[in-house]
Amino acid sequence: AQSVTQLGSHVSVSEGALVLLRCNYSSSVPPYLFWYVQYPNQGLQLLLKYTTGATLVKGINGFEAEFKKSETSFHLTKPSAHMSDAAEYFCAVSDSSGGGADGLTFGKGTHLIIQP
Amino acid sequence: DAGVIQSPRHEVTEMGQEVTLRCKPISGHDYLFWYRQTMMRGLELLIYFNNNVPIDDSGMPEDRFSAKMPNASFSTLKIQPSEPRDSAVYFCASRPLASSTDTQYFGPGTRLTVL
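Keeping their order, the protein sequence lines are chains L and C.
Quick note on numbering: the numbering used here labels position 46 of the first sequence as 46, and the sequence is numbered without any gaps.
Quick note on numbering: the numbering used here labels position 99 of the second sequence as 215, and the sequence is numbered without any gaps.
Structure below.
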């Protein structure tokens with residue numbers, strides 16, 4: 001079975017500061033990894049994903065994440081936070097053995113707060 | 117493309133009533149997923165379909181929940197009878213078959229409140 005752990009249900013950073021949201025996963029097979037963002041009263045939007053190849057993945061809005069197999073981690077970063085980044089962020093894993101057809105297993109989410 | 121469409125966006129009902137949530141996936145997408153989001157349990161996969169056929173319903177909490185996909189452009193999630201603990205946001209998502217790594221596209225969700 002797969003699982004995802006997101007450290008910190010709430011993370012607060014100052015505008016312009018580094019954003020670091022942590023995600024660790026467990027999977028018995030090579031995983032596909034995703035970060036989604038959810039703005040208030042909206043659905044989830046994909047930020048970025050890792051499937052194979054380069055372990056540093058760049059996404060939208062200046063976010064990036066690095067897949068570290070040895071640490072079973074997929075942390076999300078952004079060099080400089082903007083007020084518009086305030087949202088809920090979800091890390092998710094998909095089982096690659098089924099061709100990625102299965103549904104996603106999500107972490108509990110991290111609420112990102114940006115201080116002016 | 118209009119994206120994944122869900123209706124209604126908000127539903128308030130009383131315990132014991134039947135509730136039907138609706139989803140229209142993105143045209144051409146072969147997979148459709150139903151998720152539930154609660155504060156306690158986060159986002160959980162309830163069921164998913166491939167080409168209108170249910171593939172895995174192991175996440176459906178109990179027999180009160182049922183889902184159908186009569187055609188490629190429409191799916192329903194029904195709760196009968198509803199209970200207060202069913203209060204949650206229910207999301208529908210769709211995904212194409214073209215690649216196993218393709219993204220799931222989420223609808224805006226239906227916020228269900230059972231009184």
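Note that the Cβ used here is the ideal one computed from N, Cα and C, for glycine as well.
Query - Distance between Thr72(L) and Lys184(C) (C-alpha atoms, nearest Å) - result: In a straight line, the C-alpha of Lys184(C) is about 37 angstroms away from that of Thr72(L).
Query raised in the report: What in chain C is Cβ-close to Leu104(L), meaning under 9 angstroms?
Result: In chain order: Phe149, Tyr151, Leu159, Leu161, Ala209 and Gln220.
**Report entry** Assigned secondary structure, Asp95(L) (DSSP; H/G/I helix, E/B strand, else coil)
**Finding:** It is a strand residue.
Requested in this report: Output yes if chain L places a C-beta closer than 9 angstroms to the C-beta of Gly175(C); else output no.
Outcome: With 9 angstroms as the cut-off, Gly175(C) counts as an interface residue toward chain L.
Query raised in the report: When you compare only the Cα positions, how much space is there between Gly99(L) and Pro31(L)?
Result: Interpretation of Gly99(L) is limited by its pLDDT of 46, a score under 50 that renders its predicted location unreliable; no figure is taken from the coordinates.
Report task. Could you tell me which chain C residues have their CB closer than 8 angstroms to the CB of Gln2(L), listed as they occur along the chain? Result -> None at all; the shortest Cβ gap to chain C is about 11 angstroms.
Report task. Would you be able to state if there are at least three C-beta pairs under 8 angstroms between the segment 13-32 of chain L and the segment 184-195 of chain C? Result -> Touching, no.
Query raised in the report: Taking the Cβ atom as the reference point for each residue, do Val19(L) and Ala87(L) lie within a distance shorter than 9 angstroms?
Result: Against a cut-off of 9 angstroms, the Cβ pair of Ala87(L) and Val19(L) comes out as no contact.
Query raised in the report: Using CA coordinates, which residue listed in Asp202(C), Gly132(C), Gly119(C) and Val169(C) is at the minimum distance from Tyr151(C)?
Result: The shortest C-alpha separation from Tyr151(C) is found at Asp202(C).
Requested in this report: Using 10 angstroms around the beta-carbon of Ala118(C), count the other beta-carbons present and answer buried if the total reaches 16, otherwise exposed.
Outcome: So Ala118(C) counts as exposed.
Query raised in the report: Is Tyr36(L) near Ala92(L), with beta carbons less than 9 angstroms apart?
Result: The criterion of a C-beta distance shorter than 9 angstroms is satisfied by Tyr36(L) and Ala92(L).
Query raised in the report: According to a CB-to-CB cut-off of less than 8 angstroms, which residues of the segment 57-78 of chain L neighbour chain C?
Result: Of all residues in the segment 57-78 of chain L, none has a C-beta nearer than 8 angstroms to a C-beta of chain C.
Report task. Identify, in the order they occur along the chain, each residue of the same chain with its Cβ nearer than 8 angstroms to the Cβ of Gly107(L), setting aside the five sequence neighbours on each side. Result -> Closer than 8 angstroms at the Cβ level, and outside the excluded window around Gly107(L), lie Val4, Thr5, Gln6, Cys23, Phe90, Cys91 and Ala92.
Query raised in the report: On the three-state DSSP scale, how would you describe Gly62(L)?
Result: The answer is helix: DSSP assigns Gly62(L) an H, G or I state.
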